[in-house]
Amino acid sequence: MKAVFMGLGYIGLPTAAVAASKGIDVIGVDINPDVVNTINSGKIHIVEPELDKVVKDVVEKGSLKAKLQPEEADAFLIVVPTPFRQNHRPDISYVESATRAVLPYLKENDLYIIESTSPVHTTEKMADLIWKERPELKGKIYIAYCPERVLPGNVIYELEHNDRVIGGINTESTEKATVFYQQFVKGKLHPTNSRTAEMCKLTENSSRDVQIAFANELSMIAEKANINVWELIELANKHPRVNILQPGCGVGGHCIAVDPWFIVSDYTEQAQIIKRARETNDYKSDWCANKVLEAAVEFEKKYDREPVIACMGLAFKPDIDDLRESPAKYITSRVVAESNAEVLVVEPNVHTHTTFALMDYKEAYTKADIVAWLVRHKPFLAIAKEENKIELDFCGVRK
Ligand code: SAJ
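In the working numbering, the protein residues as written are 1498 to 1896.
Structure below.
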């Protein structure tokens, strides 16, 4: 079995490497020559625990080769990004380009699978594109959608052990794709149609977004009511059928803050709660930034000098170095731009940053008058609270 993976990013590379480690002959294709060279030298260009070992091993064995162009194979996987445009409308142009790139290499009995998060109907649209350009293959190749659902930071384990949903454009395609994934997935493989599989991915991330929005809304209500939100949620969760998530300074990353918009933009009338949740989670970041700025104004009135503010954390979630779409980074930028105070910026998982001069977290805590806890990184939990500090705890470091 030979498979071509189109896209060697955060999902494409680990999936290609794991597939190669289970005996599939894998060609990984990326448009970036640096990425291709890095992988062919047995190294990786992204941060993900355990991934370096798997890649080194399969590259040395010759079962994973990175290239700039696809070639003939038995299976073609599309694992490229699907961002949104300014107006929150999904942009499937990368999926389309990757599909066009594999078109000349498709032959009878081949399998074509999209893994990229995609709006509903994308797989059928790509099938139409393939039939239009290669009409002789109509009904002779297998086409399916199978969304990834791995958690950044735990990708290698989850790739193998998570259940997967597989939706073909017909039953034969679903079955053929299932046989493909059986080679490297130990989790259960659930058959459905392509539309349901596409919607399932969007539903999973929207569900989490809505639940986090509920926690974030509660945190703002609790602040107004002078109630400790962490205690409140802990107590409410003692109910056997209640399971509230944790509030934070907003929702970041490339998935949960993006995917719900794919539903909202196509089903605007119907998707009321999903849209509201997205707005609530975005609003929470501004709410946090405003709280820091208000605390700075209060400090200046009281002490007749500008405070020193420490912004603790830049990553989009705890204990990772990924700053993409990070609410903590957004809040820090606003505080730097909108206050005259000295702002100390801290991110223990990153050495240097192009915009911010980073400071050691203990030193920043000691120097600051106002401490804004933005990310619940583990090392922060060990800092003993000093009584003279004004602390704004947006993520439960002090809970
Ligand atoms: N967050 C909270 N409160 C919580 C949990 C998370 O504020 O109680 C915030 C985090 O700080 C972060 C954001 O939500 O800013 C997203 O973090 P996450 O850990 O919930 O999820 P991601 O973005 O790392 O990965 C998600 C996962 N989806 C679900 O859990 C439904 C993952 O399984 C998906 O594969 C991934 O999106 C993806 O690629 O779509």
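Glycine included, every Cβ here is placed at the ideal spot set by N, Cα and C.
Predicted model only: the values in this text are computed from it and were never measured.
According to DSSP, residues forming a beta bridge with residue i
i	result
residue 1690	1665
residue 1503	1526 and 1575
residue 1839	1805
residue 1640	1609
residue 1587	1581
residue 1563	1525
residue 1889	1869
Three-state secondary structure assigned by DSSP to residue i
i	result
residue 1884	coil
residue 1714	helix
residue 1816	coil
residue 1571	coil
residue 1525	strand
residue 1532	helix
residue 1857	coil
residue 1653	helix
residue 1760	helix
residue 1872	coil
residue 1549	helix
residue 1538	coil
Contacts around residue i, its chain only, beta-carbon distance under 8 Å, and the 5 residues preceding and following it disregarded
i	result
residue 1821	1749, 1750, 1751 and 1813
residue 1715	1726, 1729, 1730, 1741 and 1744
Residue i burial status per 10 Å Cβ neighbour count (16 or more: buried)
i	result
residue 1612	buried
residue 1878	exposed
residue 1532	buried
residue 1558	exposed
residue 1771	buried
residue 1718	exposed
residue 1884	exposed
residue 1861	buried
6 Å Cβ shell around residue i - same chain, five flanking residues per side excluded
i	result
residue 1692	1617
residue 1658	1683 and 1684
residue 1681	1515, 1516 and 1519
residue 1545	1652
residue 1614	1579, 1698 and 1756
residue 1640	1609, 1624, 1666 and 1670
residue 1572	1500, 1608 and 1677
residue 1869	1789, 1808 and 1889
residue 1853	1842
Own chain, CB closer than 7 Å to residue i, minus 5 neighbours either side, in chain order
i	result
residue 1788	1889
residue 1858	1809, 1843, 1845, 1876 and 1877
residue 1556	1536, 1537 and 1539
residue 1631	1600 and 1603
Beta carbon proximity, residue i to chain C, threshold 8 Å
i	result
residue 1730	The structure shown contains no chain C; it is built from a single protein chain.
Contact test: residue i Cβ vs ligand 3 heavy atom, cutoff 7 Å
i	result
residue 1641	Ligand 3 is not among the ligands present in this structure, which contains only ligand 1.
- request: Answer yes if the region 1722-1739 comes into contact with the region 1762-1777, meaning at least three C-beta pairs across the two stretches below 8 Å, and no otherwise.
  value: no
task: Could you tell me whether the region 1637-1657 touches the region 1545-1557, using the rule of 3 or more Cβ pairs below 8 Å?
output: yes
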